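First comes the structure, then the notes that go with it.
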Amino acid sequence: MPEGDTIYRAARALQRAIGGKAVTGFETGLAKLARVNDDSPLVGRIVEKVESRGKWLLIYFSGDLILVTHMLMSGSWHLYRPGERWRMGRSRMRVVIRAGDGDGDWEAVAFNVPIAEFHTARSLERNTQIPKLGPDILAAEFTVAGGVARLAAYGREHPDAEIAVVLLNQRVLAGLGNVYKSEVAFAAGVNPFRAMRTITPKDMETMVDFAQRYMKANVVDGKGDGIVTYSGNRRTTHAMNREERLWVYRRQGQECRRCGATVMMRKQGEQARSTYWCPACQPWIEPALEDQ
13 MPEGDTIYRA ARALQRAIGG KAVTGFETGL AKLARVNDDS PLVGRIVEKV ESRGKWLLIY
73 FSGDLILVTH MLMSGSWHLY RPGERWRMGR SRMRVVIRAG DGDGDWEAVA FNVPIAEFHT
133 ARSLERNTQI PKLGPDILAA EFTVAGGVAR LAAYGREHPD AEIAVVLLNQ RVLAGLGNVY
193 KSEVAFAAGV NPFRAMRTIT PKDMETMVDF AQRYMKANVV DGKGDGIVTY SGNRRTTHAM
253 NREERLWVYR RQGQECRRCG ATVMMRKQGE QARSTYWCPA CQPWIEPALE DQ
C-alpha cells in the first residue's frame, strides 16, 4: 500500500524522467481533468517539478497549473518509454503525461488513482487538505525535535487519543501509513493503544527518530542516473530475507522476532485499521489516576 516512502520514490522517478521537459501529449479518463485540459491544454507546457508531500504527489506545469494526486490504497504511477507495453490494462488508466526532448521521451501513467485534481497555486492553498498537512518526515528540513513538538502539541489537545491513531494523522506528521505505524511503535517499545497522556517526551523522541530512520532507509537512492521507481520490499529489520523484513506488521499469531511472545492484531480507530504489536515488548501502561 502506498505510504510516504512510496510516493517519495514515485515523485523522484517522475522528476528524473519528465522534469524540465515539454509535455507532448496528455490523456485522461477523468472528465474533470479533461475539461481543464480542453480549456488550458497541457501540451507545450513544461513540467517544472514533481514533488511529494506526505502521501500526496504534485506535478507542477508552467503557466500555474498543478496536478495533485493521492494513491489511497491501490493507485500507482508508472513510467514507460514510448511504445512500451503497459503493465496494467487501459481501463485502469487515469492519466497519461507524455513528455520529452526527442532523446529522453517518457510516458508517465497513473493507474487506479482515486484522487486527481488540477489546481492553481492559489486554489491549492485555499481548497485542499495539503496546506494543512503536518511536517513531511521525508522532507529535507524535517527534524526529530520538530516532529516531537507536533506530537506533544496534539497530545495536549487530545490527551485521550491513542498513539497509533495519532501516528496516522497526516495533520500531525505527514507520510506514515499503517505499516510504519505498527513498526515504529514496536521499535520504540510503545503499546499502540496507549493514550497520549501516557506518552513521555522520550517515547515521542524515540518514535519520531525511528519513523525518520525507517522511511529514509526505504528511499535510499540507487547508483547512477537510471530511473528508480522502487528499490524493493519495505523493510524495518536488517534481515535480507523478504519474509523477515518487518517486525510485527501482518505477523499476527507468529513469534515476536525479539522475545518470542505471540504477535497480536486488533482493529483500531474510526477507520478500523489493523494494528499489530507484541504485548511483551510493548507493555500496556495505565493512565495515572489523577489524569482519569
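Counting the sequence shown from 1 gives a position; this note's numbering is that position plus 12.
Yeah, the Cβ is synthetic: ideal placement off N, Cα and C, and Gly gets one too.
This one's a predicted model, so the numbers in the text were calculated from it and none came from an experiment.
Cβ neighbour criterion (16 or more within 10 Å) applied to residue i
i	result
residue 204	buried
residue 68	buried
residue 323	Given a span of 13 to 304 for the chain in the structure shown, any question on residue 323 remains unanswerable.
residue 266	exposed
residue 102	exposed
residue 273	exposed
residue 235	Note that residue 235 scores a pLDDT of 47, beneath 50, so its modelled location is shaky; the value from the coordinates is reported in the next line. The residue is exposed, with fewer than 16 neighbouring Cβ atoms inside 10 Å.
residue 65	buried
residue 147	buried
Cross-strand partners of residue i (DSSP beta bridge)
i	result
residue 86	For residue 86, which the question treats as bridged, DSSP gives no partner whatsoever.
residue 59	73
residue 38	109
residue 65	68
C-alpha distance - residue i paired with residue j, whole-angstrom precision
i	j	result
residue 223	residue 96	37 Å
residue 209	residue 167	7 Å
residue 260	residue 290	7 Å
residue 92	residue 100	12 Å
residue 199	residue 284	22 Å
residue 15	residue 183	15 Å
residue 155	residue 286	28 Å
residue 211	residue 175	8 Å
residue 315	residue 30	Nothing about residue 315 can be read from this structure; the chain reaches only from 13 to 304.
residue 125	residue 277	29 Å
residue 35	residue 61	13 Å
residue 137	residue 143	6 Å
residue 237	residue 25	Its pLDDT being 41, under 50, residue 237 is placed unreliably by the model, and the measurement read from it follows with that caveat. Approximately 10 Å, taken between the alpha carbons.
For residue j and residue i, believed in contact at Cβ under 8 Å, the rounded distance
i	j	result
residue 227	residue 17	5 Å
residue 110	residue 123	About 16 Å separates the two Cβ atoms, so there is no contact after all.
residue 130	residue 78	7 Å
Please go through the segment 173-220 and give each complete alpha helix (DSSP H) segment of 4 or more residues, from N-terminal end onward. 175-180, 190-200
Give the list of continuous alpha helix (DSSP H) stretches no shorter than 4 residues that lie fully inside the segment 69-128. none
What are the uninterrupted segments assigned as beta strand (DSSP E) that are 3 or more residues long and contained completely in the segment 270-297, given in chain order? 276-280, 285-289
Which complete alpha helix (DSSP H) runs does the segment 130-181 hold, if anything under 4 residues is left out? 133-139, 156-169, 175-180
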